[in-house]
Amino acid sequence: MPEFRPGVELSRLFYLEAVRPLLGDRPHIAARIGPGSDVLGYDTERSTDHDWGPRLDLFDVDPEVSDELRHKLPKRFHGWPTNFVPPGARVRSMAYTDGPVDHYVTVTALDTWLTSKIGDDPDWLAIPWQRLLELTSGAVFHDPDGELTRIRDRYTWYPDDLWRYVLGCQWARIAQQEAFVGRTAELGDDTGSRVVTGSLVRDLARLLLLQQRRWPPYAKWLLTAISSDPVAAHLADAVAAGDVDRRSAALCAVYEEAARRQNALGMCPPQDVHRRPYFDRPFPVIDAGRFAAALLDGREPIGSIDQISDSAEILERPECCQMVNAAAHSPRLGG
Numbered sequence: 001m002p003e004f005r006p007g008v009e010l011s012r013l014f015y016l017e018a019v020r021p022l023l024g025d026r027p028h029i030a031a032r033i034g035p036g037s038d039v040l041g042y043d044t045e046r047s048t049d050h051d052w053g054p055r056l057d058l059f060d061v062d063p064e065v066s067d068e069l070r071h072k073l074p075k076r077f078h079g080w081p082t083n084f085v086p087p088g089a090r091v092r093s094m095a096y097t098d099g100p101v102d103h104y105v106t107v108t109a110l111d112t113w114l115t116s117k118i119g120d121d122p123d124w125l126a127i128p129w130q131r132l133l134e135l136t137s138g139a140v141f142h143d144p145d146g147e148l149t150r151i152r153d154r155y156t157w158y159p160d161d162l163w164r165y166v167l168g169c170q171w172a173r174i175a176q177q178e179a180f181v182g183r184t185a186e187l188g189d190d191t192g193s194r195v196v197t198g199s200l201v202r203d204l205a206r207l208l209l210l211q212q213r214r215w216p217p218y219a220k221w222l223l224t225a226i227s228s229d230p231v232a233a234h235l236a237d238a239v240a241a242g243d244v245d246r247r248s249a250a251l252c253a254v255y256e257e258a259a260r261r262q263n264a265l266g267m268c269p270p271q272d273v274h275r276r277p278y279f280d281r282p283f284p285v286i287d288a289g290r291f292a293a294a295l296l297d298g299r300e301p302i303g304s305i306d307q308i309s310d311s312a313e314i315l316e317r318p319e320c321c322q323m324v325n326a327a328a329h330s331p332r333l334g335g
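So the sequence shown is residues 1 to 335, counted in UniProt numbering.
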């Protein structure tokens with residue numbers, strides 16, 4: 001096996017050394033964005049088994065370039081095959097060839113590509129966080145007029161009013177379950193307590209990222225994305241704890257830090273940041289509903305598409321995201 005290097009770095013070299021010389025003076029935009037662990041910077045040697053390698057995204061270039069590259073690209077680049085099989089499949093892997101190269105250089109119009117990822121002029125709340133992350137991560141190698149860069153800048157983060165709303169909805173999600181960690185355990189259902197804890201850990205990880213103006217990735221990378229945060233150890237403790245007291249204490253440590261960070265953002269009147277019993281029951285909580293109410297200012301806590309649905313069948317289809325988001329926020333449904 002060739003020496004591993006991060007996929008985006010390999011793509012940059014692939015563009016500069018192999019693809020760019022073949023394009024001549026033809027106008028184009030070149031980048032490595034979209035799906036893939038390499039785009040997020042989470043790729044490892046394991047990633048080389050599929051959808052990884054000398055890849056590139058070319059936009060607004062003569063479509064005939066694709067066939068030209070089949071016959072002119074080197075069959076290996078820095079030791080890695082430039083041929084991918086099966087040709088045109090959703091999941092492809094590198095494979096050596098003696099014939100024309102079925103390369104992984106996508107050639108498309110930028111507006112067509114963008115519509116396929118986030119839809120045609122979508123509502124902000126209808127765009128999944130993973131799609132926004134894929135659009136704004138990775139790297140741009142050539143963008144002479146700055147068109148792709150402007151698009152990426154536009155989707156770097158929510159407008160302030162929507163950021164406040166989505167944060168309020170995330171606190172509301174935590175409020176819905178925070179008392180159940182202790183209540184399930186009190187009934188002798190330790191498994192149920194662990195399941196609720198896992199759900200809260202996911203919602204807390206997402207909240208912490210949203211507070212930092214970072215798009216939360218989908219489940220596979222969520223805890224990786226937050227791993228360098230000082231409170232990540234408490235999230236791990238909550239999941240690993242063998243008894244409800246330790247489980248609750250770890251969650252409360254994260255609640256309190258998230259509360260301090262929320263107050264520091266100055267987006268709503270400051271709230272007390274200390275844990276407290278759940279009404280007259282001895283289950284420690286933060287009473288997340290206080291933060292939700294302060295941030296939402298009377299709005300219904302429906303949220304973004306990621307806060308509405310977990311279905312990949314919806315989140316991967318922009319038209320479904322837009323329809324579900326529109327229905328969820330319809331006045332007839334109380335949105």
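Even for Gly, the Cβ is constructed at its ideal location relative to N, Cα and C.
Could you pull the DSSP bridge partners for V285 from this structure? R276.
Please classify M323: is it buried, with 16 or more other beta-carbons within 10 angstroms of its beta-carbon, or exposed? When all chains shown are included, M323 counts as exposed.
Burial state of residue 340, where buried means 16 or more other Cβ atoms lie within 10 Å: For the chain, the structure presents residues 1 to 335; residue 340 sits outside this window and is missing.
Starting from L187, follow the beta strand (DSSP E) in both directions and report where the run begins and ends. Per DSSP, L187 belongs to no beta strand (DSSP E) and is neither H nor E.
Measure the alpha-carbon distance for V254 versus L69 and round it to whole angstroms. The alpha-carbon atoms of V254 and L69 are separated by roughly 51 Å.
Spell out the partners DSSP gives R55 in its beta bridges. Under DSSP, R55 forms a beta bridge with Y104.
Answer with buried or exposed for P81, where buried requires no fewer than 16 other C-beta atoms within 10 angstroms of its C-beta. The residue in question, P81, is buried, as its Cβ has 16 or more Cβ neighbours within 10 Å.
So is S248 buried or exposed if we call it buried at 16+ other beta carbons inside 10 Å? Counting Cβ neighbours within 10 Å, S248 comes out buried, since at least 16 surround it.
How do the segment 27-47 and the segment 135-148 stand: do at least 3 beta-carbon pairs fall below 8 Å, yes or no? The segment 27-47 vs the segment 135-148: in contact.
Once the 5 residues before and after P103 are set aside, which same chain residues still bring their CB inside 6 Å of it? The sequence as given places His at residue 103; Pro does not occur at that position. Hits under 6 Å: L69, L73 and T82.
Beta-carbon spacing of C321, I302 below 7 Å: In this structure, C321 keeps its C-beta atom at 7 Å or more from the C-beta atom of I302.
How close, in whole Å, do the beta carbons of I286 and A259 come, if the pair is a contact with beta carbons under 8 Å? Contact holds; Cβ gap of about 6 Å.
Where the alpha helix (DSSP H) containing V65 begins and where it ends: Note, V65: alpha helix (DSSP H), V65 to K72.
Check this for me: beta carbons of P54 and F14, under 7 Å apart or not? Yes, they are a contact pair.
Taking the alpha-carbon positions, what's the L235 to M267 distance? Going from the Cα of L235 to the Cα of M267 covers about 25 Å.
Sub-7 Å separation of I118 and P318 beta-carbons: Using a Cβ distance threshold of 7 Å, I118 and P318 count as a contacting pair.
With distances taken Cα to Cα, identify the nearest neighbour of W171 among D25, P6 and N263. In terms of Cα proximity to W171, the closest of D25, P6 and N263 is N263.
Per-residue DSSP class, three states only, for M94: Here M94 sits in strand by DSSP.
If we call anything under 7 Å between Cβ atoms a contact, is L132 one with F59? Not in contact: L132 and F59 (Cβ atoms no closer than 7 Å).
Less than 7 Å between the C-beta atoms of V166 and V181, yes or no? No, Cβ-Cβ distance for V166 and V181 is not below 7 Å.
Can you list, in chain order, the residues of its chain with a C-beta nearer than 7 Å to that of V239? Leave out the 5 residues immediately preceding and following it. Non-local beta-carbon contacts of V239 in its own chain, meaning distances under 7 Å to residues more than five positions away in sequence, involve T197, G198 and V201 in chain order.
Any idea if G88 is buried or exposed, counting beta-carbon neighbours within 10 angstroms, 16 or more meaning buried? By the neighbour-count rule (16 or more Cβ atoms within 10 Å), G88 is not buried but exposed.
Since A179 contacts F283 with CB under 8 Å, what's their CB separation in whole angstroms? Confirmed, about 5 Å.
Mind checking L315: buried by the 16 CB within 10 Å criterion, or exposed? Buried is the call here.
Can the beta-carbon of V39 be found closer than 7 Å to that of E147? Taking 7 Å as the Cβ cut-off, V39 and E147 do not qualify as a contacting pair.
What's the call for Q307, buried or exposed, on a 16-neighbour Cβ count within 10 Å? Counting the other CB atoms within 10 Å of its CB gives Q307 a total of 16 or more, which places it among the buried residues.
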